[in-house]
Amino acid sequence: MQRDQSLQQVKDTLQWDIIIIGGGATGLGCAVDAASRGLKTLLLEKYDFAKGTSSRSTKLVHGGVRYLEQGNIRLVREALFERGRLLKNAPHVCHTLAFVVPSYKWWQKWYYAFGLWWYEFLSGKLSLGKTILLSKKEALQYLPDMAAEKLSGGVLYFDGQFDDSRLAINLAQTAIEQGATLLNYVGVTGFIKEGGTIKGVMATEEMSAVTFEISGKVVINATGVFADEVLQMAEGNKEQTIAPSQGIHLVVDKHFFKGSVALMIPKTEDGRVLFAIPWHDKLLLGTTDTPIENITTEPKPLKDEIDFIIHHFNLYASSKIGYSDVLSVYVGLRPLAKTGSEKKTAVMPRDHHIVVLPSGLIHVTGGKWTTYRSMAEHAVDKAIAQAGLKKLACKTQHLQLHGWVAANDDSYLSTYGADAEPIKKQIASDLSLAEQIHPKYPYTKAEVIWMVQHEMAITVEDILARRIRLLFLDAKAAMEAAPMVAAIMASEMQKDEAWINQQVAAFNKLAAGYLLADF
Ligand SMILES: Cc1cc2nc3c(=O)[nH]c(=O)nc-3n(C[C@H](O)[C@H](O)[C@H](O)COP(=O)(O)OP(=O)(O)OC[C@H]3O[C@@H](n4cnc5c(N)ncnc54)[C@H](O)[C@@H]3O)c2cc1C
-2 MQRDQSLQQV KDTLQWDIII IGGGATGLGC AVDAASRGLK TLLLEKYDFA KGTSSRSTKL
58 VHGGVRYLEQ GNIRLVREAL FERGRLLKNA PHVCHTLAFV VPSYKWWQKW YYAFGLWWYE
118 FLSGKLSLGK TILLSKKEAL QYLPDMAAEK LSGGVLYFDG QFDDSRLAIN LAQTAIEQGA
178 TLLNYVGVTG FIKEGGTIKG VMATEEMSAV TFEISGKVVI NATGVFADEV LQMAEGNKEQ
238 TIAPSQGIHL VVDKHFFKGS VALMIPKTED GRVLFAIPWH DKLLLGTTDT PIENITTEPK
298 PLKDEIDFII HHFNLYASSK IGYSDVLSVY VGLRPLAKTG SEKKTAVMPR DHHIVVLPSG
358 LIHVTGGKWT TYRSMAEHAV DKAIAQAGLK KLACKTQHLQ LHGWVAANDD SYLSTYGADA
418 EPIKKQIASD LSLAEQIHPK YPYTKAEVIW MVQHEMAITV EDILARRIRL LFLDAKAAME
478 AAPMVAAIMA SEMQKDEAWI NQQVAAFNKL AAGYLLADF
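The sequence shown begins at -2 in the working numbering and counts up one residue at a time.
Listed below in structure tokens is the structure:
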């Protein structure tokens, strides 16, 4: 991924078949889909790839057990199919994870097992493993730190887990390999219209403030919770098609809840599910579902949300956690499609909606990371029809994503998939590149250089938030690593001392929001 090349392609190309606005799961999925069908595809992302919701998920590739309870069988089935496909197409960033659902009354075990057997049945040939009943002793063997008092047993079931923003980077790489042009830090600021119909976009390169007028046959709005802002630009109306809902996660040390399986709390006091999930050798707790009005790129957690997660985790864990145990808190905004008059976001459907607006803009709302591929397929089908492009069949169902490998080792570099080998070779040719960027974590200088050279990382935040996940795992350690990361980047990118200082200051300001110090 070479940013300079992509900028040059934007300058040199007279007209694109498809322009996609937004570089999250939805937009990147559309770019892979459109490019692999042979369409001349451009994707523009205002910040970095996955800067929005797509780096802030619960990291589950799942059908959504909860949606089954809500009776949304079509969504669960579609998501289970997509789960199976993703695990096959990107096995280096997605894997099977076992979950234990604890039960406290004899009948609960059967109640949960019935639902989970049904869930497994719906996945058909793409099932990830058998759902089984557990005795109390067996449940505690899986999760030894679960509060044992009154526990009667549980159910074991299987779902998928992934690294969301690493998958996003791999999608960007795949799209480019399929012939698309992608640019981060280029925001769309307006539309070019002829007779009321969109014929292209106006865009600004955020680092240089250089502006472009870019011509395209059709434009897809894949801007997540910002979709209404773009809708306003295109159509000039103030209609709200998104009902944003906030979800927070707390990350704590793994020693609080040992075991390699996840805990699924089936019913919190407000009737939702909560997870405690092992992730990158830490424990991820979440999430919440709070309707919000204010849409920003760095949403803040509410005290009530933090207390809610700590309270519920402590009900199920033998060692209790408090504010000082939280290594990082991160917040995401769900771009739920506003349908009907429902105000409670927790019960709003997670389906995606794709509409063609009077200006010709393809407007995508809702959906889940898990279903990004099918969403993209539907959106590109609509775009082809809208622009009168040649009907080309979707090719992504079995398309292996960048980094795909037949067999992964279990080192932490395995998340790079096929790219682990060249990173290891770089280290072998210059042992100084094996130096860690933080003494407590395995990440090396070599990875930072790799990310600048091959993953379009141009800020310290790009590295520490979305390519290496240190900000999400341990915000204080990420702040400590920032000066070294900035210095490595500066030498790769020919930047000066002032740039290093500016980058470190900007990163520290951002990272402070991932600490619980202010609560
Ligand atoms: C708390 C939480 C937990 C979740 N957990 C899961 C889970 O475990 N599994 C799952 O499947 N799903 C999960 N989801 C849902 C999933 O994360 C989202 O559905 C998905 O990430 C949305 O992707 P998106 O591309 O639509 O939006 P985003 O990721 O927000 O991408 C939109 C992009 O558009 C860019 N943009 C905005 N305006 C412009 C402009 N003018 N020009 C250019 N670019 C622009 C933004 O910078 C942003 O990067 C979760 C969601 C939340 C909030």
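By construction, the Cβ of each residue, glycine as well, lies at the ideal position given by its N, Cα and C atoms.
On a predicted model such as this, the values are computed, not experimentally measured, just so you know.
heavy atom of ligand 1 below 6 Å from residue i C-beta
{"i": "T23", "result": "yes"}
{"i": "P141", "result": "no"}
{"i": "Y101", "result": "no"}
{"i": "W366", "result": "yes"}
{"i": "G197", "result": "no"}
{"i": "P263", "result": "no"}
{"i": "F78", "result": "no"}
{"i": "P241", "result": "no"}
{"i": "T38", "result": "no"}
{"i": "I18", "result": "yes"}
{"i": "V249", "result": "no"}
{"i": "S54", "result": "yes"}
{"i": "T178", "result": "no"}
{"i": "K43", "result": "yes"}
{"i": "R331", "result": "yes"}
{"i": "F272", "result": "no"}
{"i": "V73", "result": "no"}
{"i": "G49", "result": "yes"}
{"i": "F223", "result": "yes"}
{"i": "V207", "result": "no"}
{"i": "T238", "result": "no"}
{"i": "G244", "result": "yes"}
{"i": "V445", "result": "no"}
{"i": "V29", "result": "no"}
Contacting residues, own chain, Cβ-Cβ under 7 Å from residue i (five flanking each side not counted)
{"i": "W496", "result": "A487"}
{"i": "K133", "result": "L148, S149, G150"}
{"i": "K437", "result": "A474"}
{"i": "K533", "result": "Any question about residue 533 goes unanswered here, given that the chain covers just -2 to 516."}
{"i": "T412", "result": "H89, V90, D160, R163"}
{"i": "V445", "result": "I434, I460, V482, I485, M486"}
Cβ distance (whole Å) where residue i is taken to contact residue j below 8 Å
{"i": "A273", "j": "N167", "result": "That pair is no contact at about 27 Å."}
{"i": "V328", "j": "K297", "result": "6 Å"}
{"i": "A47", "j": "R463", "result": "5 Å"}
{"i": "L57", "j": "G157", "result": "7 Å"}
{"i": "I289", "j": "Q243", "result": "5 Å"}
{"i": "H399", "j": "Q170", "result": "4 Å"}
{"i": "L84", "j": "T93", "result": "7 Å"}
Sequence-distant residues of its chain with Cβ nearer than 6 Å to residue i (five each side left out)
{"i": "G49", "result": "G21, G221"}
{"i": "A224", "result": "N218, I239, T362"}
{"i": "V501", "result": "A479, P480, A483"}
{"i": "L131", "result": "G150, G151, L153"}
{"i": "L271", "result": "I262, T265, H309"}
{"i": "A334", "result": "H350, T362, G363"}
{"i": "I465", "result": "Y440"}
Residue i beta carbon near ligand 2 (any heavy atom closer than 6 Å)
{"i": "T194", "result": "Ligand 2 is not part of the structure shown, which contains ligand 1 as its ligands."}
Beta-carbon proximity of residue i to residue j, cut-off 7 Å
{"i": "V90", "j": "L140", "result": "no"}
{"i": "A380", "j": "V215", "result": "yes"}
{"i": "A95", "j": "V258", "result": "yes"}
{"i": "T367", "j": "E79", "result": "yes"}
{"i": "I351", "j": "V198", "result": "no"}
{"i": "L358", "j": "A503", "result": "no"}
{"i": "L180", "j": "L36", "result": "no"}
{"i": "L282", "j": "D471", "result": "no"}
{"i": "L513", "j": "R34", "result": "no"}
{"i": "P241", "j": "I303", "result": "no"}
{"i": "Y116", "j": "V62", "result": "yes"}
{"i": "S3", "j": "T186", "result": "no"}
{"i": "K422", "j": "I485", "result": "no"}
{"i": "D493", "j": "S315", "result": "no"}
{"i": "G60", "j": "L123", "result": "no"}
{"i": "V457", "j": "E489", "result": "no"}
{"i": "L467", "j": "A508", "result": "no"}
8 Å Cβ shell around residue i - same chain, five flanking residues per side excluded
{"i": "E203", "result": "K43, Y44, Y182, V183, G184"}
{"i": "R0", "result": "L180, N181, M453, I455"}
{"i": "T55", "result": "G244, H246, F272, I274, L281, G283, T284"}
{"i": "Q383", "result": "V215, V353, G357, I359"}
{"i": "D14", "result": "A31, L36, K37, T38, G213, K214, V215, A384, L386"}
Any C-beta of chain B under 7 Å from that of residue i
{"i": "E232", "result": "Absent here is chain B; the protein component of the structure consists of one chain."}
Cβ pair count under 8 Å reaching 3, the stretch 10 to 29 against the stretch 366 to 378: yes
Three or more C-beta pairs below 8 Å linking the stretch 174 to 182 and the stretch 64 to 80: no
The stretch 403 to 413 / the stretch 426 to 435 touching (three or more Cβ pairs under 8 Å): no
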